[in-house]
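Each remark here refers to the structure printed beneath this line.
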Amino acid sequence: MPDLGWLLGRLGDVRALLDIAVVTAVIYWLLWVAQGTRATQLIRGIATLIAVLFFLSTSLRLTTLSWLLGNIWPALVVAIPIIFQPELRRALEQLGHTGAWLRSPFAQAAEQDLDRMVDEVVRAASQLARQRFGALMVIERETGLQDYADRGVALDANLTRQLLINIFFPNSPLHDAAVVIRGERIVAASVVLPLTDNISATGQLGTRHRAAIGVTEESDALSVVVSEETGQIAVAHNGRLIRNLDQDRLRRVLRSLLRLDRAQGRAASSSSFPFGLPLGLGRPSTNGTDRARRDGTTGPKGQPARREPEAGRAR
């Protein structure tokens, strides 16, 4: 019996440790999902405000403020899901990517389809960049983009570089906005996309690039954007933008992200590379005049250049 009591006491300690570990993992996962989004600044602001108010209420013995802090927690239960709705939705979508876990990572047919899709997108982007035709191509992954596709013009056509180039030819009926790609099919063209609200990271960018980043903040999609002003190619993923890509580097980026997504059953941009792509796949954007000059957004002596006339509604 003494041994049984000791065992039960140790079991309680193990449960406490397991409880702490689970809570720690959940908090870490939520902070990891919020990394690089607006939620980071919101969390800092809320934590700073609560800390200042708590310090004032305890040090100065403010009765009313102490009562307010003591009764504000039920309101936070309602306010937090509203404030962090995009981040919570994104986290739940990542948990819902269970379909990819059941796929075979060695499906040869799927790999061949992936290679063909990447090759068509890369060749189309390269030719569009040479001719300075603005373009925005969104590659659907686990999160469905049908809601956005319904806002555009339905195509359901075979994916070919000739068709992509024809769509984004200036003044063509469908050149405005974005194209949604699902596998080897072009689902829709002239698709309206949400714009990112992260002004600090997109101050030097036009509306087409903001739309490319915005759709990757709302989903796990990949966006390939071609600048009409500079002819530069960029890839947006997980709310981040990889710029100054040539044809070979663009092909490596897309193959790496898409293959890792299929093989591991989760978005490679947010799991394997939480802080960006591996060395050699692309340089993350930086702030300041050097970044703007590289991207063609500043003129001589660092003066702002003409803003890129991004494509209509998707801008």
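Residue -4 is where the sequence shown starts when you use the numbering used here, and the numbers rise one by one after that. No residue lacks a Cβ here, since even glycine has one placed at the ideal position from N, Cα and C. Nothing here was measured: the structure is a model prediction, and the numbers come from that model.
What does the Cβ neighbour count give for residue i, buried or exposed, with the cut at 16 atoms within 10 Å?
| i | result |
| --- | --- |
| I77 | exposed |
| N166 | exposed |
| I15 | exposed |
| F49 | exposed |
| Q199 | buried |
| I75 | exposed |
| V230 | buried |
| V339 | Absent from the model: residue 339. The displayed extent of the chain is -4 to 310, so no value can be given. |
| V73 | exposed |
| D8 | exposed |
Please list, in chain order, all residues of the same chain as residue i whose beta carbon is under 7 angstroms from its beta carbon, the five residues on each side excluded.
| i | result |
| --- | --- |
| R177 | E135 |
| L140 | V133, V175, S214 and A216 |
| H232 | T211, L217, L252 and S264 |
| R146 | V186 and V187 |
| A34 | F79 and E82 |
| Q242 | V117 and S121 |
I need the DSSP call for residue i, collapsed to helix, strand or coil.
| i | result |
| --- | --- |
| I176 | strand |
| L240 | strand |
| S167 | coil |
Which residues mark the beginning and the end of the alpha helix (DSSP H) in which residue i is found?
| i | result |
| --- | --- |
| A144 | Q141 to A144 |
| N161 | R156 to I162 |
| R205 | T202 to E213 |
| V72 | W68 to I78 |
| L63 | T58 to G65 |
If we ignore side chains and look at the alpha-carbon of each, how far apart do residue i and residue j end up?
| i | j | result |
| --- | --- | --- |
| P81 | Y23 | 18 angstroms |
| A183 | S251 | 25 angstroms |
| D290 | G129 | In this prediction, D290 has a pLDDT of 40, which is less than 50 and means its spatial position is unreliable; nothing more can be read from the coordinates. |
| L12 | L71 | 27 angstroms |
| V248 | N239 | 12 angstroms |
| E179 | D108 | 7 angstroms |
| H204 | L63 | 44 angstroms |
| L131 | G65 | 50 angstroms |
| P312 | T19 | Absent from the model: residue 312. The displayed extent of the chain is -4 to 310, so no value can be given. |
Quick one: give me the first and last residue of the beta strand (DSSP E) that residue i is part of.
| i | result |
| --- | --- |
| V148 | V148 to N153 |
| S218 | L217 to V221 |
| I134 | A130 to I134 |
Only counting the same chain, and skipping five residues up and downstream in sequence, which positions put a Cβ closer than 8 angstroms to that of residue i?
| i | result |
| --- | --- |
| R10 | none |
By Cβ distance below 6 angstroms, which residues in the same chain neighbour residue i in space, the five residues on each side in sequence not counted?
| i | result |
| --- | --- |
| A60 | Looking at the sequence provided, one finds Leu at residue 60 rather than Ala. Around L60: S52. |
| N193 | none |
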